[in-house]
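For reference, the structure is listed below as structure tokens.
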Amino acid sequence: DILMTQSPSSLSASVGDTVTIICRASQIIDPYLSWYRQQTGKAPELLIYAASSLRSGVSSRFRGRGSGTEFSLTISGLQPEDFATYYCQQSSSSPFTFGPGTKVDV
Amino acid sequence: VQLQETGPGLVKPSGTLSLTCAVSGNSITSFYWNWIRQTPGKGLEWIGSWYHTGATSYNPSLQSRVTISADKSKNQFSLNLTSVTAADTAVYYCARRDTARVAGFDYWGQGILVSVSS
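Listed in order, the protein sequences are those of chains E and B.
Numbered by this note's numbering, the letters in the first sequence go through residues 1 to 106 in order.
Numbered by this note's numbering, the letters in the second sequence go through residues 1001 to 1118 in order.
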């Protein structure tokens, strides 16, 4: 299985801040990487796919970058709804695997 | 597109966990239809998928206990997980994924908490 790691595991920020989350894969998965936001008590929500493609309808304050085994998600201008947990997920090979999550709180 | 999981919230150890995902706004004769679970300890875990040809794909960690099937006439798909233990206690989600390899899981159900306990 491809192991996904994320850093940091949590971070504190304020409304309006810009934050960056890192996701690393145990092998090359470029560009088969997606990012999700999960608000408390809700299902994950797809934000980014193909490492850097913004899903239709998702705010442009979310930006995905990266290649090979290292990827990042940058959120510019944090909004109240962005205080949530973020996950990366690879679809390079089965079984599809997720990172452990990064919690963004106030 | 809306997905809705239904099924018992409590299953006895060694029993079978059975869930159904009703899909509206999209025919299940396209896309991959998936089950994913979430636990505090293991995080998000992909269980497996069903495709309209009848093809299935399972996580090897669960493969010996999992079956995903579908009823096209009802536009729903199901999960059966046998010989459950407390470790199978989780929130179970159904989710859709496009056939493109780069695709993520773009539509999810709200999730259903299933506890395994006597």
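We treat Cβ as the ideally placed atom computed from N, Cα and C, and that holds for glycine.
None of these values were measured; they are calculated from a predicted model.
Mind checking whether residue i and residue j have CB atoms under 9 Å apart?
| i | j | result |
| --- | --- | --- |
| Pro44(E) | Arg55(E) | no |
| Leu1017(B) | Tyr1092(B) | yes |
| Leu47(E) | Gly66(E) | no |
| Tyr86(E) | Leu78(E) | no |
| Val104(E) | Ala25(E) | no |
| Val1011(B) | Val1114(B) | yes |
| Gly68(E) | Asp30(E) | yes |
| Ser1069(B) | Ser1078(B) | yes |
| Phe98(E) | Glu1045(B) | yes |
| Ser94(E) | Asn1059(B) | yes |
| Tyr49(E) | Ser60(E) | no |
| Gly1043(B) | Pro80(E) | no |
| Asn1075(B) | Ser1030(B) | no |
| Cys1021(B) | Gly1109(B) | yes |
| Asp1088(B) | Val1116(B) | yes |
| Leu1019(B) | Tyr1107(B) | no |
| Ser92(E) | Tyr32(E) | yes |
Comparing the C-beta of residue i with each C-beta of chain B, is any distance below 9 Å?
| i | result |
| --- | --- |
| Phe62(E) | no |
| Phe96(E) | yes |
| Ser34(E) | yes |
| Pro8(E) | no |
| Asp1(E) | yes |
Do we get a CB-CB distance below 9 Å when we pair residue i with the residues of chain E?
| i | result |
| --- | --- |
| Ala1103(B) | yes |
| Gly1015(B) | no |
| Gly1054(B) | no |
| Ser1115(B) | no |
| Ser1061(B) | yes |
| Leu1019(B) | no |
| Trp1046(B) | yes |
| Ser1064(B) | no |
| Ser1057(B) | yes |
If residue i sits next to residue j, beta carbons under 8 Å apart, how far is it from one beta carbon to the other, in whole angstroms?
| i | j | result |
| --- | --- | --- |
| Ile22(E) | Gln90(E) | Rounded, the Cβ-Cβ distance is 14 Å, inconsistent with contact. |
| Val106(E) | Phe83(E) | 6 Å |
| Ala1090(B) | Thr1039(B) | 4 Å |
| Gln27(E) | Cys88(E) | Wrong, their Cβ atoms sit about 14 Å apart, outside the cutoff. |
| Val1066(B) | Ile1047(B) | 6 Å |
- prompt: How do the segment 1076 to 1089 of chain B and the segment 1097 to 1108 of chain B stand: do at least 3 beta-carbon pairs fall below 8 Å, yes or no?
  reply: Contact between the segment 1076 to 1089 of chain B and the segment 1097 to 1108 of chain B is absent, because fewer than three Cβ pairs lie under 8 Å.
- prompt: Counting Cβ pairs closer than 8 Å, one from the segment 1007 to 1014 of chain B and one from the segment 1050 to 1060 of chain B, do we hit at least three?
  reply: Here the segment 1007 to 1014 of chain B does not lie against the segment 1050 to 1060 of chain B, with fewer than 3 beta-carbon pairs under 8 Å apart.
field: Residues of the segment 44 to 62 of chain E whose Cβ lies closer than 9 Å to any Cβ of chain B, in chain order
entry: Residues passing the 9 Å Cβ filter: Pro44, Glu45, Leu46, Leu47, Ile48, Tyr49, Ala50, Ala51, Ser53 and Arg55.
- prompt: Name the residues in the segment 1080 to 1112 of chain B whose C-beta lies less than 7 Å from a C-beta of chain E; which are they?
  reply: Residues passing the 7 Å Cβ filter: Tyr1093, Arg1101, Val1102, Ala1103, Gly1104, Phe1105, Asp1106, Trp1108, Gly1109, Gln1110 and Gly1111.
- prompt: For the segment 72 to 104 of chain E, which residues have a CB atom closer than 9 Å to at least one CB atom of chain B, in sequence order?
  reply: Among the residues of the segment 72 to 104 of chain E, those with a Cβ less than 9 Å away from any Cβ of chain B are Tyr87, Gln89, Ser91, Ser92, Ser94, Pro95, Phe96, Thr97, Phe98, Gly99, Pro100 and Gly101, in the order of the chain.
message: Please identify, using Cβ separations under 8 Å, the residues of the segment 1001 to 1012 of chain B that lie next to chain E, in order along the chain.
response: Listed by position, the residues of the segment 1001 to 1012 of chain B near chain E (Cβ gap below 8 Å) amount to none.
field: Near-chain E residues of the segment 1024 to 1041 of chain B - C-beta to any C-beta below 9 Å
entry: Going along the segment 1024 to 1041 of chain B in chain order, one finds Asn1034, Ile1036 and Gln1038 with a Cβ nearer than 9 Å to chain E.
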